[in-house]
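Notes to accompany the following structure.
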DNA sequence: ATGGTTGTTCCACAA
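In the numbering used here, the protein residues as written are 554 to 810.
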């Protein structure tokens, strides 16, 4: 079973590229972030006609997440628990073929010094609490998405320039490590322990893509039972080079059984 | 020090 995560930066602007990539990569589950549309405006009919089941949590203008699956999705959750007043569409979760899959779009947190940064850290508090709850069930799960966190300096093209950014600050990285310390495994590093400078995002500005100056911020965190079954994880750079590309490229993980 | 894009919406903001 191939699970992919892709921040597509508007599902409407990116639908042709999404359909091309689904056709050639043939994933079984796709976690999408930044669909940037309200739920009724999601291209559900087009995707269902191609055999996809869709779980969608949209929002006007910003954010928005969706989970596509070849097999039906059950036990759907459309918000991260822990703050009923949070109206930002950043989390959906469903069970597909016995595997529980969370699709998340973690807050960016910039500029640090505004309310955006504490919102990010508080959102990660809630994610830690939610992961603890999932672990108690002792069933395999995957938390996939745009974490807006560079876990280490190896994941940044210029660590000094990015040191104070919300994606790299020590408090952000400490929150990410709390997830690992629960017993979750970061899938890309499991299979690529000695490959610094592998990125999943390249800014549109300043020639970052042609110079390969990127960040690795799209991740898979695996529960112990999911980690046991993981067979591969990699970044598919190809779609970032296409015309009208998203600034993120897909990351995928294979889970056996 | 500067660089200088994209999508959505409205006359900026978020990334």
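Beta carbons are placed, not taken as given, at the ideal position from N, Cα and C, and that holds for glycine.
Note that the coordinates shown come from a computational prediction; the quantities given were computed from them, not determined experimentally.
For the pair residue 643 and residue 661, the Cα-to-Cα distance works out to about 11 Å. Just measuring C-alpha positions, the residue of 608, 778, 652, 787 sitting nearest residue 769 is 787. When C-beta atoms of the segment 699-719 are compared with those of the segment 792-800, fewer than three pairs fall below 8 Å, so the two segments do not count as touching.
Taking a cut-off of 8 Å on C-beta distances, the segment 581-599 does not touch the segment 671-688, as fewer than three cross pairs fall below it. Residue 575 and residue 805 have their C-alpha atoms spaced approximately 12 Å apart.
No Cβ-Cβ contact shorter than 7 Å links residue 645 with residue 775. Taking all protein chains shown into account, residue 558 has 16 or more neighbouring C-beta atoms within 10 Å of its C-beta and is therefore buried. In the three-state reduction of the DSSP assignment, residue 794 falls in the helix class, which pools H, G and I. The distance from the Cβ of residue 652 to that of residue 808 is about 6 Å, consistent with a contact at the 8 Å cut-off. Put simply, the segment 697-717 touches the segment 655-675. At least three CB pairs are less than 8 Å apart. Under the three-state reduction of DSSP, residue 760 is assigned to helix. Annotation: the continuous beta strand (DSSP E) that includes residue 773 extends over 771-775. Of the other Cβ atoms in all chains shown, fewer than 16 fall within 10 Å of the Cβ of residue 615; this residue is therefore exposed. Taken through DSSP and simplified to helix, strand or coil, residue 705 comes out as coil. For the 7 Å CB-CB criterion, residue 753 and residue 765 do not form a contact. Residue 738 and residue 731 have their C-alpha atoms some 11 Å from each other. In this chain, the alpha helix (DSSP H) harbouring residue 682 covers 669-689.
One alpha carbon belongs to residue 760, the other to residue 679, and they sit about 36 Å apart. Counting only the Cα atoms, residue 715 lies some 39 Å from residue 628.
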